[in-house]
Each structure stands twice: as C-alpha cells, then as structure tokens.
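Since the structure comes first, as structure tokens, the remarks are kept for the end.
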Amino acid sequence: FTTYLLGHWVRDLGALGLEEAVRLLTGVPAERYGIRGRGRLAPGYAADLVLFDPARVATRPTEMVYDLPRGQRRLLQRAD
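Here this note's numbering is used: the first residue of the sequence shown is 3, the next is one more, and so on.
Now the structure itself:
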C-alpha cells in the first residue's frame, strides 16, 4: 500500500501532496493506536527515517507464491 500510495496517488496523479501522504502513513497510525513518541519529526520523538526517491517508487505485479507451511498460497506484492 505504501508504494502504491506514494507512486500512484502522489507522484502520478498528484491527488495528494507528499507531506500529506507521509503523514497518513506515519502520524495518523501513531495517533490512532496511541503510539507515543512516534509518527512525527519532533523534539523528544524517536527519529525513524526512511529515505526514498519519489520518482523511483514503484510496485511490481502481484504474484501468487506457495511458500507457506504445507504449500499454502499467498499473494505477494513486491516494491522497488
């Protein structure tokens, strides 16, 4: 979902700004689940950073893989 949001909705369509998308992926979940000291860059908060090039964010085609115990299947979505 993260790469799809950033690549499709932010970069390709321009429907969301990059700052708003990052807030939706970080700050909103931290607030929703009561995770204190996370989700923002602010004094006293843990600084978990991910650096990425918005022009290169991409998803690959979804594939069915059979790597769970007893050969069970699952859908896998890889990202670049």
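Where a beta carbon is used, it is the ideal one built from N, C-alpha and C, also for glycine.
Quiz item: Among Met66, Gly16 and Leu7, which has the Cα closest to the Cα of Thr28?
Solution: Leu7
Exercise. Take Leu43 and list the residues in its own chain whose beta-carbon comes closer than 7 Å to its own, dropping the five residues that flank it on each side.
Key: Ala49
Quiz item: Which whole-angstrom value describes the C-beta separation of Ala81 and Thr5, a residue pair presumed to lie in contact below a C-beta threshold of 8 Å?
Solution: 4 Å
Quiz item: What whole-angstrom Cβ distance do Glu25 and Ala32 have, given they're in contact under 8 Å?
Solution: According to the sequence provided, residue 25 is Arg. The question's Glu does not apply to it. That pair is no contact at about 10 Å.
Quiz item: Of all the beta strand (DSSP E) runs that stay within the bounds of the region 20-47, which reach a length of 3 or more residues?
Solution: none
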